[in-house]
Amino acid sequence: MSSFAGRMKEYPTLSLDRFDRENLHSRAYFLSHCHKDHMKGLKGPLLKRKLQFSRTVRLYCSYVTKELLLSNPKYAFWEEYIVPLELESPTQISLVDEASGEKEDIVVTLLPAGHCPGSVMFLFEGSQGTVLYTGDFRLAVGDASRLEHLHSGSRVKDIQSVYLDSTFYDPRFHQIPTREVCLNGMLELIGNWISQSSYHVVWLNCKAAYGYEYLFTNLGEEFNTQIHVKNLAMFKKMPEILSYVTTDRNTQIHACRHPKDEEFLQGNRRPCGCTAVDGTPLRNQQSKPSTMWFGERTRKTRPEPVPSGLFRFHSSYSEVNSGSDDDLFDGLDLEPVRKKMKNERRRRNVPQRRELQPHAVCLSVQSLLPEHGLLFTRPPDPSIGAEGTVTSPVLLLQRKENAGPIVPSELSESQASSDFEVPCTPESKAPQPDELLHLYRKLASGDEVVIRKGSQGSG
DNA sequence: GCGATCAGGT
DNA sequence: CACACCTGATCGC
Numbered sequence: 001m002s003s004f005a006g007r008m009k010e011y012p013t014l015s016l017d018r019f020d021r022e023n024l025h026s027r028a029y030f031l032s033h034c035h036k037d038h039m040k041g042l043k044g045p046l047l048k049r050k051l052q053f054s055r056t057v058r059l060y061c062s063y064v065t066k067e068l069l070l071s072n073p074k075y076a077f078w079e080e081y082i083v084p085l086e087l088e089s090p091t092q093i094s095l096v097d098e099a100s101g102e103k104e105d106i107v108v109t110l111l112p113a114g115h116c117p118g119s120v121m122f123l124f125e126g127s128q129g130t131v132l133y134t135g136d137f138r139l140a141v142g143d144a145s146r147l148e149h150l151h152s153g154s155r156v157k158d159i160q161s162v163y164l165d166s167t168f169y170d171p172r173f174h175q176i177p178t179r180e181v182c183l184n185g186m187l188e189l190i191g192n193w194i195s196q197s198s199y200h201v202v203w204l205n206c207k208a209a210y211g212y213e214y215l216f217t218n219l220g221e222e223f224n225t226q227i228h229v230k231n232l233a234m235f236k237k238m239p240e241i242l243s244y245v246t247t248d249r250n251t252q253i254h255a256c257r258h259p260k261d262e263e264f265l266q267g268n269r270r271p272c273g274c275t276a277v278d279g280t281p282l283r284n285q286q287s288k289p290s291t292m293w294f295g296e297r298t299r300k301t302r303p304e305p306v307p308s309g310l311f312r313f314h315s316s317y318s319e320v321n322s323g324s325d326d327d328l329f330d331g332l333d334l335e336p337v338r339k340k341m342k343n344e345r346r347r348r349n350v351p352q353r354r355e356l357q358p359h360a361v362c363l364s365v366q367s368l369l370p371e372h373g374l375l376f377t378r379p380p381d382p383s384i385g386a387e388g389t390v391t392s393p394v395l396l397l398q399r400k401e402n403a404g405p406i407v408p409s410e411l412s413e414s415q416a417s418s419d420f421e422v423p424c425t426p427e428s429k430a431p432q433p434d435e436l437l438h439l440y441r442k443l444a445s446g447d448e449v450v451i452r453k454g455s456q457g458s459g
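According to UniProt numbering, the first sequence is numbered sequentially starting from 1.
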């Protein structure tokens, strides 16, 4: 677990996705997407005051993110300080120290991140080199190779550092079904239910504010219906989403929230509380797309105890069960496990709760070859020592099936680019730092290393 | 009274 | 375990 405090070592006068503490002094702000854990400090009175006295400090984000942000009155004061930028359109920004007048120019390019509406990655190019901040991202294999701005001619730009979303920097997440697989599973499960009668209702119990729109539009299209949501304000300028959502509660698919939603559902009512017009009890089914991009457990793939006493959740389609999930853990007493995990965390002094902040690790990159999925890193950089950072040389790579044995001393970029694929493409997310070090050591010692796609082991 | 933090929840 | 939140109690100002 690592976190990102908001600034990059190459360009410490700008802040990304963090707006508190030291970030209050920054010359420019960048918001990758509109999730609360990336907005810490964004509505702070201190920052608001600073803006009122500044003529140069601005917040840069995508047009969609601007819309979503300003749809919340708490952030309305940002209106005059936001500069929305088009995707894949390099823009020069002047970073000005308003006290001294000192100025530094930088070029920023927004790249689509595929995480939620408006989400972007930021590519910065300036005097301290080229760096990429990914924010949260969800790209399919090969997407990166199609991002023109990561390339220069036929080559990949020399990227100094990648500030990589480390949410899935954990081997537990090496199996993540594709977005398409998740969607098809949802379509099938929901279609089977709501086609039974008009009293069959599905509740999409969504947790995040944004990120499910892809699901809504596809469900709406497939079943020729609209999805009930709490309000539409944030989508008012997004007709392609707006046409698939509604505040009319008389629909079979709901993604609304209500303080008593769970209670209503038990009572055969819709999560928003309304009943069938003729009083017939509704047949409710609940789906928790906890984040549909990594799937989750179902009845069939319920958690299995593993020797460590912890649980593994197999990736799969969204959990769907009738009304309640009380029976989800049939036959398994989870309480001792929870206690054990809690004690373990306390013993190791791990916070009980994750702090509200973006997760990112800084990877120093020698060259990034997305067309082959190869990421080389630089030798250790003593200036990087924060928790969770990779402090030793690391190779993130995966051999192609027909490639010959690895001879680390002879490992050239050209050989590598033809022989390897990266195991930590965004689709499968990244392996753990420990694992990378292990892999590197094996390579450095001359051992042959074979990693199978989708696997985290080596040997 | 207000925000930040913490403890609980989904 | 995780995601991305939410509610409510408590603390500091």
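For glycine and all other residues, C-beta sits at the position ideal for the given N, C-alpha and C. Note that this is a predicted model, so its numbers are computed, not measured.
Helix, strand or coil at residue i [DSSP, three-state]
i	result
Tyr199	coil
Phe216	helix
Gln52	helix
Met234	helix
Phe124	strand
Glu104	strand
Val181	helix
Ala28	strand
Thr247	coil
Thr109	strand
Gly191	helix
Thr65	helix
Tyr81	helix
His149	helix
Arg138	coil
residue 484	This structure gives no information on residue 484, because the portion of the chain shown stretches from 1 to 459.
residue 486	As displayed, the chain neither begins before 1 nor continues past 459, which places residue 486 out of reach and without an answer.
Leu356	coil
Lys74	helix
Asn284	strand
Arg21	helix
Straight-line Cα distance separating residue j from residue i
i	j	result
Ser161	Tyr11	11 Å
Phe30	Tyr212	23 Å
Lys260	Asn268	13 Å
Gly135	Phe19	15 Å
Val83	Leu111	16 Å
Tyr214	Leu242	12 Å
Trp293	Asn72	Residue placement at Trp293 is flagged as unreliable, the pLDDT there being 36, under the threshold of 50; the coordinate-derived value follows with that caveat. Looking at the two C-alpha atoms, the distance is approximately 26 Å.
Ala5	Thr13	13 Å
Met8	Thr130	11 Å
Gln266	Ile190	19 Å
Val277	Leu70	37 Å
Trp203	Pro271	7 Å
Thr247	His228	5 Å
Leu51	Glu222	46 Å
Asn224	Met186	15 Å
Phe77	Leu282	43 Å
Leu332	Tyr81	The predicted position of Leu332 is uncertain, since its pLDDT is 36 and thus under 50; no value can be drawn from it.
Leu164	Met234	28 Å
Arg58	Ser89	18 Å
Leu85	Glu79	14 Å
Proximity below 9 Å, CB of residue i to CB of residue j
i	j	result
Lys288	Asn205	yes
Leu68	Tyr210	yes
Thr91	Tyr60	yes
Leu42	Tyr75	yes
Pro358	Leu147	no
residue 460	Lys236	Since the first residue shown for the chain is 1 and the last is 459, residue 460 is missing from the structure and cannot be characterised.
Lys157	Glu125	yes
Whole-Å CB distance - residue i paired with residue j, under 8 Å assumed
i	j	result
Phe122	Val107	That belief does not hold up - the Cβ atoms of Phe122 and Val107 are roughly 11 Å apart, past 8 Å.
Phe216	Val181	With a Cβ gap of about 18 Å, Phe216 and Val181 do not count as contacting.
Val120	Leu150	That pair is no contact at about 13 Å.
Ile93	Leu132	About 16 Å separates the two Cβ atoms, so there is no contact after all.
Trp193	Gln285	5 Å
Glu104	Ser127	7 Å
Gly273	His258	6 Å
Residue i Cβ short of 8 Å to the ligand COA heavy atom set
i	result
Asp136	By its list of ligands, the structure shown contains no ligand whatsoever, and the ligand COA lies outside what it can speak to.
#### Entry: At least 3 beta-carbon pairs within less than 8 Å: the segment 25-44 vs the segment 86-101
yes
### Task
Could you tell me whether the segment 29-48 touches the segment 104-116, where touching means 3 or more Cβ pairs closer than 8 Å?
yes
### Query
Just checking, does the segment 186-202 make contact with the segment 245-258 on the three C-beta pairs under 8 Å criterion?
yes
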